[in-house]
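S.K.: Here it is, the structure in full.
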Amino acid sequence: MLFFFLLFPLFRLKTLPCHLGEPIPVPYEWYQQGDYVIGGMVSMAGYQFNEVSFQQHPSLEYFGHPDMLTKFYQHILSLVFAVKKINENPEILSNVTLGFYIHDSYYNAIMTYRTTLDLLFRSERFVPSYKCDTRRNLISIIGGLSFGTSSYIADLVKFYKIPQLTYGSFTPQDVHSTEIPFYYSMVPNESSQYIGIIRLLQHFGWRWVGLLAIDNSQGDHFLQSMESLFSQHGICSACVERIPILTYWDKFFEMLEKWKNIYKHIIDEKTNIFIMCGESLTIAWLTDIIFWLSPGHEQNSLGKVWIMTAQMDYLLTGMNKKWDRQFFDGAICFKVHSKEIPGFKEFLKFIKPPWIQGDEFFPLFWEQVFDCSLPSPSLTKLDNPFCTGQERLEDIPGALFEIEMSGHSYSIYNAASVLAQALHVLFLLQSNHRHFLRHKLSEYEDSQPWQLHQFLKSMKFNNSLGETLTFYDQKKMEGGFDIINIVVFPNSTFQRHKIGKVDPDALKEKELVINEDMIVWHRSFNQVLPFSLCNEHCLPGYQKRKKEGKKFCCYDCVECPEGKISKEIDTVACFQCPDDQYANHKKDGCIMKTISFLSYEEPLGLSLATVATLFVLTTIWVLGIFIKHKDSPIVKANNRDLTYILLISLLLCFFCSLLFIGQPGRVTCLLRQSAFGLTFSLSISCVLAKTILVSLAFKATKPGSQIRTWVGKRLAVSIVLLCSLLQASICIVWLSTSPPFPELDMHSTTEEMVLQCNEGSVFMFYCVLSYMALLSLASFIVAFQARKLPDSFNEAKFITFSMFAFCSVWVSFVPTYLSTRGKAMVAVEIFSILSSSAGLLGCIFFPKCYIIVFRPDLNNRDQLIRRHV
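Numbering (this note's numbering), first residue to last: 1 to 869.
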């Protein structure tokens, strides 16, 4: 009852027989008789109605001069052409003719309800719920262009279970099938279009995008879907604006402020990409916004990329058909997939005066697109010359009328084909059961339009081009979308180029197929890929840092921390180079580290090797002197054999330092520390033995002393062997359990990998050092106690100095060794070996060499037995 209450201003409802109800005639319709009639609801003529206030008696004059969308006349012709092809095809619905009854929605809810009732009930007189003409059998309705129009139609036809096939509108996800149970969409699933838009933005790297949506439930669903997808794929909406719908002309000035807000975002230089979701008139409204609000009407300087959804169409209205629309140049449109139908262009050539008298859309269409007046009376009153009849549709700008079949027209053609084949299958089924040769729906009481539903839901249909048409989920047509690039010329003409498609059946992230080279951008971009970001890209070597209070697409660029790099633009976080590489100066790449070790070629290694060689030669020289003067009193005085062993061990110590120079290998790593520990232990053992012998020798000279029996060669050898064997045991345990091995140290230095010896067991390494420290301490204590013995027997004073120097070196070695890395650590150990060995050599042997070489007069027995007074 609500529908009839809304429609009260359009007809006077009386409880009278059918012939008494007089309708207000609608200006545009086209009826062709047939055994079965397909209803059509197009959206071509636009009237601006004033809002009904119910404060005065409604006027019967509702129609003035329309603003016709001439481009949509093709929708009418596609249905007429489809019916014509079906009637001419002997393989389908033989002996049966299809007719059509086409009405206009007038872009108004009340008028859509009214014209839908006309489709259902009207013959020559009209009373709702009364079917006065039984000769017209309506089997289905194809329409409408928008979901609003489609839902108004569905509100009425659902009571009669008549199938409704929409050709241009998506069904919102929140609309349950029970609300529109007999509603079928000839367009693919809307979600695949949204995925295609996301893939398009990702393909071109657009992250800062404006959203313009029509102000209705369709726009609500679009914004909810896109905002959710944006957050999932790292894209931000630069602005979100609703494009108001001019439902009543007296609301125009209320919309002007909203238009200003939209225009403010359009002229923002940062935002170059706008996604528009709207309906057929949205382009016209946006054109009005830009035309009237641009200073000096300089619209062409607005270089933007417009991405349009499939519900929209690039068109001109009668009001603005002469306006320049080059600001839409380079637009990218998602379109319902279409193909050129053979014979359609030839069919359009017959569209010229005089045309079929039943087509009430034709006169206004012809007069508006050619700015002429037809000789016969029409609904328009133009001060233009008469039409010659020689005008050609091919000469009309594409924004007013296209020769190529549009996606919406292709959907209408497919809808008629699907209905014809469903009806054909229904008749074949009835024929098999009733054995009739002539099939007319009116002959069977049980043959009703609702019987078509079982075939529409479950069957696959083929159109004349061999394409398979199937309703998935029983409601929506399978398939994807074409992607079109629009090139606009100054004379209001334009060209469409197919540049890609969206395939919902493709693998994830492969849904978009696009040929970037075919795209023509707006001339302001100079054919360079448009840029649309909140700020400049963060170059390699930098990472993004979020701006407080801003969207995540707006960020600062900060340099990567030390040791980290970023190779790509807009890196969220810099990353560390692999262990064998280091960051370059610009921090945008990694450089391979060089392998480093203490080699003989570098100055430090060469210097240490030279010093070690000099000490080796010096030790050999000292040993030679002592061998040459082996029978001299000073050589014989302090255990000649121990002296030789000590010199040889010091010689080995100097040689041992050379193992630490050069490229470390498995053998050198095994020998380094163990040879160092054994040779030094041998040297200190000899020093300890000499010190003990000095002390015992002094005590043995006292009368009655029994210590004399201990002083001799056997004691010295025992001390040296015992001390050395203990160190050897530690080294054997170390090498058998966790031996040293060569390794690459990746982290000690930034630009180098240090090839070094891993000690294996650090504990065992410090055990070796600790044992040497214990021997050194013991030697130092014994020598210190014997330092004041008479000079004739005293070597302890020199040993005290030597052990003090030795201990000082190795005490300072430990913290220095632990605080260095790489080659410096090796150099510290070499320096400690050389300096401590040199300390022993210098403090113990240089005084004796001085006497032997330079003061031979002191090298006699009298001098050695002289005592201090």
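Ideal placement from N, C-alpha and C gives every residue a C-beta, glycine not left out.
If I follow the unbroken alpha helix (DSSP H) through D482, where does it start and stop?
M.R.: Careful: D482 lies outside any alpha helix (DSSP H), inside the beta strand (DSSP E) at 481-488.
S.K.: Pull the bridge partners of Q448 from the DSSP assignment, please.
M.R.: Answer is none; Q448 lacks a bridge partner.
S.K.: Applying the criterion that 16 or more other CB atoms from any shown protein chain within 10 Å of the CB defines a buried residue, is H408 buried or exposed?
M.R.: Answer is buried; the Cβ neighbour count reaches 16.
S.K.: List the endpoints of the continuous beta strand (DSSP E) containing F741.
M.R.: First-last of the beta strand (DSSP E) with F741: 741-745.
S.K.: Quick one: measure Cβ to Cβ for P449 and I139, integer angstroms, because I've assumed they're closer than 8 Å.
M.R.: Right, their Cβ atoms sit about 5 Å apart.
S.K.: Use the C-beta contact count for M518: other C-beta atoms within 10 angstroms, 16 or more gives buried, fewer gives exposed.
M.R.: Label assigned to M518: exposed.
S.K.: Beta-carbon separation of S685 and V720 under 7 Å?
M.R.: A contact, by the Cβ cut-off of 7 Å.
S.K.: Using a threshold of 7 Å, state whether the C-beta atoms of G240 and L286 are closer than that.
M.R.: Strictly speaking, residue 240 in this sequence is Val, with Gly absent from that position. Going by C-beta atoms, V240 is not nearer than 7 Å to L286.
S.K.: Spatial neighbours of I245 within its chain, please: C-beta separation below 7 Å, excluding the five flanking residues on both sides.
M.R.: Correct list, in chain order: I214, D215, N216.
S.K.: Using only the alpha-carbon positions, how far apart do I595 and E516 sit?
M.R.: Approximately 47 Å between the Cα atoms of the pair.
S.K.: Quick test of your reading: Y152 and Y106, contact by CB under 8 Å. State the CB separation rounded to the nearest angstrom.
M.R.: 11 Å between Cβ atoms; not a contact.
S.K.: Pull up the distance between the alpha-carbon of K547 and that of A238, whole angstroms please.
M.R.: One C-alpha to the other measures close to 15 Å.
S.K.: Which one of A45, L156, S770 has the shortest CA to CA distance from I76?
M.R.: For I76, the nearest C-alpha among the options comes from A45.
S.K.: Could you tell me how far apart the beta carbons of Q527 and T571 are, in whole angstroms, since I believe they sit closer than 8 Å?
M.R.: The Cβ separation is near 29 Å, so there is no contact.
S.K.: How is the alpha helix (DSSP H) around I732 delimited, first residue to last?
M.R.: Its alpha helix (DSSP H) spans residues 713-737.
S.K.: In chain order, what residues of the same chain lie with their CB nearer than 7 Å to the CB of C577, ignoring the 5 residues before and after it?
M.R.: Contacts found: I565, A583, C590.
S.K.: Which parts of the stretch 607-650 are runs of the alpha helix (DSSP H), unbroken and 4 residues or longer, counting only runs that do not cross its ends?
M.R.: As far as the stretch 607-650 is concerned, its whole alpha helix (DSSP H) runs of at least 4 residues are 633-637.
S.K.: Quick check: the Cα distance between F455 and G168, rounded to an integer number of angstroms?
M.R.: Cα to Cα, the separation comes out at about 22 Å.
S.K.: Closest to L769 by C-alpha separation, out of A422, T679, F626, would be which residue?
M.R.: Checking every option, the nearest Cα to that of L769 belongs to T679.
S.K.: Which residues mark the beginning and the end of the alpha helix (DSSP H) in which A213 is found?
M.R.: No alpha helix (DSSP H) holds A213; the beta strand (DSSP E) holding it covers 208-214.
S.K.: Can you give me the start and stop residues for the beta strand (DSSP E) that I283 sits inside?
M.R.: Note, I283: premise wrong, no beta strand (DSSP E); alpha helix (DSSP H) at 282-293.
S.K.: Is it right to say A872 is buried, meaning 16 or more other beta carbons lie within 10 angstroms of its own, or is it exposed?
M.R.: Since the displayed the chain opens at 1 and closes at 869, residue 872 lies outside it and no answer follows.
S.K.: Thinking S802 and I844 are a contact (beta carbons under 8 Å), I'd like their distance in whole angstroms, please.
M.R.: Contact flag correct, Cβ pair sits at about 5 Å.
S.K.: Could you tell me the distance, in whole angstroms, from the CA atom of S373 to the CA atom of Y47?
M.R.: Going by the C-alpha atoms only, they are around 20 Å apart.
S.K.: Helix, strand or coil: how does DSSP classify M753 here?
M.R.: In the structure shown, M753 sits in a strand (DSSP, three-state: E or B).
S.K.: Considering only residues of the same chain and omitting the five flanking positions on each side of C669, which have a CB-CB separation below 6 Å?
M.R.: Closer than 6 Å at Cβ, skipping near neighbours: P740, F741, P742, C757.
S.K.: Taking the alpha carbon of D371 as the reference point, which residue from T388, L775, W355 has its own alpha carbon closest?
M.R.: Measuring from the Cα of D371, the nearest candidate turns out to be T388.
S.K.: Looking at the structure shown, is G46 part of a helix, part of a strand, or coil, going by DSSP?
M.R.: In the structure shown, G46 sits in a strand (DSSP, three-state: E or B).
S.K.: Can you tell me whether DSSP reads V667 as helix, strand or coil?
M.R.: Helix at V667.
S.K.: Considering only heavy atoms of the ligand SAM, does any lie closer than 6 Å to the CB of E279?
M.R.: In the structure shown, the ligand SAM is absent, as is every other ligand, since no ligand is present at all.
S.K.: Taking 7 Å as the CB-CB cut-off, is G480 touching chain C?
M.R.: Among the protein chains of the structure shown there is no chain C, as only one such chain exists.
S.K.: Roughly how many angstroms lie between the CA atoms of F531 and G480, to the nearest whole one?
M.R.: Taking the straight line joining both Cα atoms gives about 28 Å.
S.K.: Can you grab the Cα-Cα spacing for the pair N414 / M186, in whole Å?
M.R.: Approximately 8 Å between the Cα atoms of the pair.
S.K.: Can you name the residues that DSSP bridges to K544?
M.R.: In the DSSP output, where bridge partners are listed per residue, K544 has C557.
S.K.: At the level of alpha carbons, what is the spacing between T816 and S808?
M.R.: Approximately 13 Å, taken between the alpha carbons.
S.K.: Tell me, please, which residues DSSP counts as bridged to V305.
M.R.: Note: V305 sits in a beta bridge opposite I273.
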